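Numbering (the working numbering), first residue to last: 1109 to 1429.
Even for Gly, the Cβ is constructed at its ideal location relative to N, Cα and C.
Just so it is clear, the structure is predicted and the values come from calculations on it, not from any experiment.
Accompanying notes for the structure given below.
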Ligand code: UDP
Ligand code: MG
């Protein structure tokens, strides 16, 4: 057994009292099997993050942490949402593990993908994305909105992995770099690809929730989508600029036509004139707003102060000065 292969399974939990005992049982089995096979260290653990649950989630986690030395519990002071809870867990795990796998508490993600993720890690991948190959058990609504979401992200130029949610392995190295991203509006699916390094994929079948109901109502899904776009793309701002320019040109052309008509003695109707100047002024205003937006976009990217690059290795020797 290699003590360097410590795996932490990071599990965000919000009101998951119905599933937690079963989740713990299955994850513990998984860790045991992997450790027995030599793929991971026997020091590997499960880290459950209670995201300000209102039910008995924390009591269950605290109980498990007492009875099972392989369980670590982290309790957030209040509900901060899935992405923040996950980041909290990863932040705690980073110093104690060589790799982490983030997985939902509800057992929708096929746990056998963990074996393949660890294999890919041993083959050299720093990041392994779990990709859903089949979501036939999702409701048509969930499937439709999720797929629309990935398409929209793509159209907005946000680099994400299609059909990948937050089921992924991160090596300690990749995780440390991810944690150096200081932004507060988290959209991990967009941030992880920015980290870079050798990445690989594992596809799995998404099943049904083991128990309980979704903690991602439409409102939270929409918030995640809007955050994904506005945290990664300035395209909406640029769109304003081009829309304004198009309106402005249209208005300008219409005004010129009317002036020519007036010169030719065919006086245009007042309504047409008012309308064309409306477009002209509207267009100028939108263009101006778009330009301002462009600068606001720059400010917003600057205030994030994300790392501008991540160095993977340095070859050769740098002498101390
Ligand atoms: N979750 C969380 N905080 C929240 C909402 C959800 O930690 O505010 C957790 C939840 O307990 C689960 C994971 O995020 O482990 C994904 O949520 P869920 O399975 O309800 O989402 P769905 O699969 O329906 O998209
Ligand atoms: Mg789920």
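Rounded straight-line distance, which links the Cα of residue 1149 to that of residue 1224: 16 Å
Own chain, CB closer than 6 Å to residue 1267, minus 5 neighbours either side, in chain order: 1301
C-alpha distance - residue 1109 paired with residue 1169, whole-angstrom precision: Residue confidence is low: residue 1109 scores 41 on pLDDT, short of 50, so the model does not pin down where it sits. No coordinate-derived value is stated.
Residue 1190 beta carbon near the ligand UDP (any heavy atom closer than 6 Å): yes
Beta-carbon proximity of residue 1242 to residue 1138, cut-off 7 Å: no
Any non-hydrogen atom of the ligand MG closer than 6 Å to residue 1077 Cβ: Because the chain in this structure spans residues 1109 to 1429, residue 1077 falls outside the shown range and cannot be described.
Beta-carbon contacts of residue 1192 that lie in its chain and below 8 Å, excluding the five residues immediately before and after: 1159, 1184 and 1294
Contact between the segment 1303-1318 and the segment 1223-1240 (3+ Cβ pairs under 8 Å): yes
From 1182, 1256, 1205 and 1177, residue whose alpha carbon lies closest to that of residue 1112: 1205
Local conformation of residue 1122 per DSSP, three classes: coil
Every unbroken beta strand (DSSP E) within the segment 1296-1381, with a cutoff of 3 residues, ordered by chain: 1307-1313
Residue 1355 CB to nearest heavy atom of the ligand UDP below 6 Å: no
Own chain partners of residue 1345 with C-beta closer than 8 Å, once the 5 adjacent residues on each side are dropped: 1398, 1401, 1402, 1404 and 1405
Best match in 1176, 1408, 1234 and 1144 for proximity to residue 1338 [C-alpha to C-alpha]: 1408
Residue from 1128, 1196 and 1247 with nearest C-alpha to residue 1171: 1128
Element boundaries [beta strand (DSSP E), containing residue 1235]: 1235-1242
Classification of residue 1350 by the beta-carbon crowding that lies within 10 angstroms, buried from 16 upward: exposed
Whole-angstrom C-beta distance between residue 1359 and residue 1431, which should lie under 8 Å: As shown, the chain starts at 1109 and ends at 1429. That puts residue 1431 outside it, with no answer to give.
DSSP bridge partner residues for residue 1272 (one or two, in chain order): 1239
Touching by the beta-carbon criterion (3+ pairs, under 8 Å), the segment 1249-1257 and the segment 1278-1298: no
Burial state of residue 1316 (16 or more Cβ within 10 Å): exposed
Span separating the alpha-carbon of residue 1382 from that of residue 1343: 32 Å
Every unbroken alpha helix (DSSP H) inside the segment 1183-1269 [4 residues or more]: 1190-1201, 1221-1230 and 1248-1263
Residue 1212 beta carbon near the ligand MG (any heavy atom closer than 6 Å): yes
Supposed contact pair residue 1198 and residue 1118 - C-beta distance, whole angstroms, cut 8 Å: 6 Å
Spatial neighbours of residue 1161 in its chain, beta-carbon cut-off 8 Å, leaving aside the 5 residues before and after: 1121, 1122, 1123, 1124, 1125 and 1187
Cβ pair residue 1322, residue 1213 closer than 7 Å: no
Other residues of its chain near residue 1174: CB distance less than 6 Å, five sequence neighbours each side excluded: none
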